[in-house]
Amino acid sequence: MENSGGIATGLAGRYATALFELARDEKQLEAVGASLATLRQTLRDSEDFRELTTSPLISREQATGAVAATASAMRLDPITTNFLGVLARNRRLGQLGAIIRTFNMLAAGHRGETTAEVTSAHPLTDDQVSALRQNLRTRIGRDVAVDLNVDPTILGGLVVKIGSQMIDGSIRTKLNTLAHAMKG
Numbered sequence: 091m092e093n094s095g096g097i098a099t100g101l102a103g104r105y106a107t108a109l110f111e112l113a114r115d116e117k118q119l120e121a122v123g124a125s126l127a128t129l130r131q132t133l134r135d136s137e138d139f140r141e142l143t144t145s146p147l148i149s150r151e152q153a154t155g156a157v158a159a160t161a162s163a164m165r166l167d168p169i170t171t172n173f174l175g176v177l178a179r180n181r182r183l184g185q186l187g188a189i190i191r192t193f194n195m196l197a198a199g200h201r202g203e204t205t206a207e208v209t210s211a212h213p214l215t216d217d218q219v220s221a222l223r224q225n226l227r228t229r230i231g232r233d234v235a236v237d238l239n240v241d242p243t244i245l246g247g248l249v250v251k252i253g254s255q256m257i258d259g260s261i262r263t264k265l266n267t268l269a270h271a272m273k274g
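Basically this note's numbering = 1-based index in the sequence shown + 90.
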């Protein structure tokens, strides 16, 4: 996904931009952002929901009904609920994770923040996230919205991506570098 002149491109970017602009115009950025955070967590935690978003065996009608029921059960805001219905009817639920990431980037830019995608081996505590935010703010000179991901395969440490810059302090990378150095 590219960001050319502030306009998100690509399929997920176009959907995220449309959702962002609607939420902004309706003054519902916080409500939509909270609903998307709930959806993102559900994508991580629920195998059934992930399958709903990715399975080609689920018809448009079944997907539309399932996301309507899911949105109601999760008490998502009306804009996000309608948006999920559009994604289901257009068979684009598989793009939901990328749409959420792009929406968060657009919302952070709207608030004057930079988004940092942070991957850790284990969930970070609130104190760790606050310290990380402060360190990143000092480093880049702007407020930073942190998009947290957990990937146990990095073993420890952090991988931080801000725009095109990546800081890889993971133990996996350090071990790979050491193994390469020992080979020759």
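In this text, a Cβ means the ideal position worked out from N, Cα and C, and glycines have one as well.
- Ranked by Cα distance from Asp135, the first of Gly187, Asp115 and Ala178 is Gly187.
- Fully enclosed alpha helix (DSSP H) runs of no fewer than 4 residues occupy 119-135, 137-144 and 150-164 of the segment 110-174, in order along the chain.
- Burial state of Met256 is exposed, judged by a 10 Å Cβ sphere holding fewer than 16 other Cβ atoms.
- One thing to note: Ser220 has its Cβ no nearer than 7 Å to the Cβ of Leu248.
- Arg165 and Arg262 have their alpha carbons spaced roughly 39 Å apart.
- Contact between the segment 227-240 and the segment 191-209 is present, with at least three C-beta pairs closer than 8 Å.
- Restricting attention to Arg191, Ile148, Phe110 and Ala108, the CA atom closest to the CA of Gly253 is found in Arg191.
- Taking one beta carbon from each stretch, the segment 152-162 and the segment 170-178 have 3 or more pairs nearer than 8 Å; the two touch.
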